[in-house]
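Novice: Just passing along the structure, written as C-alpha cells.
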Amino acid sequence: MESNLLTSTNAVRDDFSEYVAHLQLHMALQARNLVPPLKQSLEDSREQLLHQTQAHFEKLVSRRAI
C-alpha cells in the first residue's frame, strides 16, 4: 500500500514538474515578444546583450530542478 502511495506521489510530482517547466518556457517566450524593438545600429549592442541575457535565463530555467 505504501509503495503505491509513493509511486502515485512521484507521478504527480513528475506531472507537476513537467507542467511548471512548460509554463516557464511559455512565459519566457511571451516575455521575449513583449520586449520593444531596439534601434538598429552598429554602435548599439543593447539588442545583442538582451538576447544573450534572455538565452542565459531560459537555459537556467530549463535546467532548474524542482
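Under UniProt numbering, the first residue of the sequence shown is numbered 1, with each subsequent residue one higher. Just so you know, even glycine gets a beta-carbon here, dropped at the ideal spot from N, CA and C. As the structure is a prediction and not an experimental result, all values here were calculated from the model.
1) When the distance is taken between beta carbons, is residue 54 closer than 8 Å to residue 32?
2) Put residue 64 into one of helix, strand or coil per three-state DSSP.
3) Compare the beta carbon distance of residue 21 and residue 62 with 8 Å and say whether it is the shorter of the two.
4) DSSP on residue 45, reduced to helix/strand/coil?
5) Select from 30, 25, 46, 34 the residue whose C-alpha is nearest the C-alpha of residue 64.
Specialist: Let me spell this out:
1) yes
2) coil
3) yes
4) coil
5) 25
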